[in-house]
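Going by full-length UniProt numbering, the letters in the sequence shown line up with residues 1 to 535, in that order. Using N, Cα and C, we set each Cβ at its ideal position, and we do this for glycine too.
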Amino acid sequence: MASIGWLLVCVVTLALFVSGARGIDIFLEWDVAIDTSIKPASADQPVITINGKFPGPLINATTNDFVHVNVFNNLDESLLMTWNGIQQRLNSWQDGVSGTNCPIPPGTNWTYVFQTKDQIGSFFYFPSTNFQKAAGGYGPIRVNNRNVILVPFPKPETEFDLLIGDWFAKSYKERRDLPSNDLPDFILMNGNSPFGNQIYESFTLTKGLTYRFRISNVGSALSLNFRIKSHKMVLVESEGSYTNQITLDSLDVHVGQSYSVLVTADQDTAVYYMVATPTQVDTTAKSSLMGVGFLQYANGHELGSLPTGPDPMDRDFSVNQAKSITWNLTTGAARPNPQGTFNVSNITLTQNFVLQGSKAEMGGVLRYTVNNVSYLTTATPLKLADHFVNGTGVYKLDTFPIDTVNSAPTYGTSVVSGIHKGWIEIVFKNSLDVMDAWHLDGFGFYVVGFGDGEWSSDSRSTYNLMDPVVRSTVQVYPGGWSAVYAYLDNPGMWNLRSQNLQNWYIGQEIYIRVFNGDANPLKEKPIPDNVLLCG
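Spelled out as structure tokens, the structure:
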């Protein structure tokens, strides 16, 4: 009888596990519109809202849930939404960038359907075309653990989403028509700029309790250093990866990156400033360029002074912190097996890309380039071209130079082959005099190294192959390089881009086509029934 009872327990447990693994359906309706009354910069300018909110509403999902987002485009121009860091397993049809989707025309709607397959963590969404991200339209995404997977830290009292980022006083349409390297005018915290409208973002804490802050840099250009007066932060997660826990006074969050930190309310009852300031850039001309908010203890009192941070030009601090962020190899994440099951200490590389981000004057127009090729967006999305005409006439596969720099800048629709289930090494080089950051849709990549000057095969001796963190956005320092590994097990057409909005908007991107000819829908999802056609 005991054995029968044990068998019954096992069957029930398995049923619960399988049921939890399937996920649930989440249905959302979004009205995307322009609002000129919000004025984060104390100026009349268009702000993109979702259901009247700026930032937009939280997408709160759990591993393996199916998210249906019915987007009504009430702008005066076309719209695409992308899901920064959501890997879209077997489903680049829902990626929401110009190479995979036709835009949603004004006055119409379209429903995205994607699964948070085998993921946990902190991410965000934003509009991906027409420079619209500079006007808002962004919001947070949480992907929570299933109950059967243990989280490697005690459950916090509550969780807060904190979107930080730069903001310009000029409207996004002015800036996209007249690109410039001007510094932004404000730093926002959840859409609030205290120097524009005297509205501070604030969070209320209770002494003795611990809280989780999910922090994302949703800005266009600036890397930011974030800190809280008199409080330590324990780093626990980065874009879907549980990290080895380290205690920090401040944290560099580069454009497009997301982190989770734990903050314990262990100080005297008071109000404490939190600050986000630019890092790795000279802001002497705009010394007041900072985002400011505060933590409010119950019955708090005076604020005191702003917290100081590292020298904004201290590259050693920033690089050393980046190297200290490593993968926790002893915990599970989206699946019950430890993250460390997937390591890169003994893999065999099948491809190597060396990609140099730069800029050039082309016909009197400023363009950004990858290996001296500036991307041209096609009227027909690449993914549609693949489906209907095998790409013929829309793009030429593998003409882009993956490891050399063209002698002269040129235009091209850059699509390169990624070997399905192969390991790729991508080295990002930054010849610009400002910070850059690179993002790969569809995958997390292992951040194995940072360096200054030229990269060579000898640079691999400096790589961390034991516990590199896995994330989808990596910073690249001016005049330096960053190296990542990725396992290309996700068939589709995937965007590889600069997260600096201006760089991306005028040319700094390519697409990686990871192809599997197997028509089995378990290999790649079929074209959606509601697909939009264009071109």
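query, result
"Coarse secondary structure for residue 249, derived from DSSP in three states", "coil"
"Run of the beta strand (DSSP E) containing residue 356, from where it starts to where it stops", "349 to 362"
"Environment of residue 230 [buried if 16+ CB atoms lie within 10 Å]", "exposed"
"With 16 other Cβ atoms within 10 Å as the buried cut-off, status of residue 184", "buried"
"Under the three-state DSSP convention, the category residue 281 falls into", "coil"
"Neighbourhood of residue 353 by C-beta, 8 Å cutoff - its chain only, sequence neighbours within 5 removed", "402, 403, 416, 424, 425, 426 and 427"
"For residue 301, the residue or residues it bridges with in DSSP", "Paired residue(s): none; residue 301 is not in a bridge."
"Which of helix, strand or coil DSSP assigns to residue 395", "coil"
"Backbone CA spacing between residue 176 and residue 494 [nearest angstrom]", "24 Å"
"For residue 532, the three-state DSSP class (helix, strand or coil)", "coil"
"Cβ neighbour criterion (16 or more within 10 Å) applied to residue 548", "With the chain running from 1 to 535 in the structure shown, residue 548 is simply not present."
"Sheet register partners of residue 110 (DSSP bridge)", "71"
"Residues bridged to residue 205 [DSSP beta-bridge criterion]", "297"
"Residue 520 (DSSP reduced to helix, strand or coil)", "coil"
"Coil, strand or helix - residue 421 by DSSP", "coil"
"Coil, strand or helix - residue 340 by DSSP", "helix"
"At least 3 beta-carbon pairs within less than 8 Å: the segment 248 to 256 vs the segment 198 to 214", "no"
"Residue(s) in a DSSP beta bridge with residue 327", "243"
"Three-pair Cβ contact test at 8 Å for the segment 269 to 279 versus the segment 238 to 249", "no"
"Any 3 or more C-beta pairs closer than 8 Å across the segment 465 to 473 and the segment 427 to 443", "yes"
"Residues bridged to residue 226 (per DSSP)", "251 and 276"
"Spatially closest choice to residue 112 from 124, 91 and 320, by CA coordinates", "91"
"DSSP-derived helix/strand/coil call for residue 436", "strand"
"Inter-residue spacing [alpha-carbon to alpha-carbon] between residue 380 and residue 519", "23 Å"
"Residue 108 to residue 375 span [Cα, whole Å]", "28 Å"
"According to DSSP, residues forming a beta bridge with residue 26", "67"
"Rounded C-alpha distance that separates residue 54 from residue 517", "42 Å"
"Rounded C-alpha distance that separates residue 282 from residue 320", "20 Å"
"Option in 63, 528, 523 and 293 with minimal Cα separation from residue 199", "293"
"Strand pairing of residue 322, partner residues [DSSP]", "Note: residue 322 sits in no beta bridge, so no partner."
"Residue 6, DSSP secondary structure in three states", "Residue placement at residue 6 is flagged as unreliable, the pLDDT there being 39, under the threshold of 50; the coordinate-derived value follows with that caveat. Reduced to three states, the DSSP call for residue 6 is helix."
"Sub-8 Å separation of residue 201 and residue 85 beta-carbons", "no"
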